[in-house]
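Here the structure comes first, spelled out in structure tokens, and everything after it is commentary.
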Amino acid sequence: MDVSITAWLEDGSHKYIINHGLVGNIGTSSKAEDIPEVVKDAHRMMSSGELEQAINHLQNAGFQVEQVNWWKDGVLGKEASWMEKPPSGY
Numbered sequence: 001m002d003v004s005i006t007a008w009l010e011d012g013s014h015k016y017i018i019n020h021g022l023v024g025n026i027g028t029s030s031k032a033e034d035i036p037e038v039v040k041d042a043h044r045m046m047s048s049g050e051l052e053q054a055i056n057h058l059q060n061a062g063f064q065v066e067q068v069n070w071w072k073d074g075v076l077g078k079e080a081s082w083m084e085k086p087p088s089g090y
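Residue 18 in full-length UniProt numbering is what sits at position 18 of the sequence shown, and the numbering runs on without skipping anything.
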């Protein structure tokens with residue numbers, strides 16, 4: 001089971017998809033040096049199983065969290081509020 005967060009800066013200038021395996025910058029370069037440290041920090045937190053902390057970290061830095069999705073075997077499971085507990089197996 002995997003989880004992804006879609007988050008964007010409040011001014012709409014940058015949008016990111018963050019999951020355990022990668023961080024993608026939607027619409028612009030995805031080179032590591034172009035990704036803000038706060039997004040890299042959130043990725044590290046997610047990779048350690050700290051989903052709620054990752055989301056709080058993004059929000060405290062001015063990001064809007066658009067959605068959280070659960071994935072299993074590459075198939076989208078459900079869209080969830082970030083306040084919901086992860087399904088078993090996360």
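The C-beta atom is built at its ideal place from N, Cα and C for all residues, glycine as well.
Check, Outcome
"I'd like to know whether the C-beta atoms of residue 7 and residue 52 end up nearer to each other than 9 Å.", "no"
"Apart from the five residues on each side of it in sequence, which residues of its chain come closer than 7 Å, Cβ to Cβ, to residue 37?", "none"
"Please list, in chain order, all residues of the same chain as residue 42 whose beta carbon is under 8 Å from its beta carbon, the five residues on each side excluded.", "5, 7, 18, 54, 55, 57, 58"
"For residue 50 and residue 15, what's the separation of their Cα atoms in angstroms?", "21 Å"
"So if DSSP puts residue 64 in a beta bridge, which residue, or which two residues, is it bridged to?", "8"
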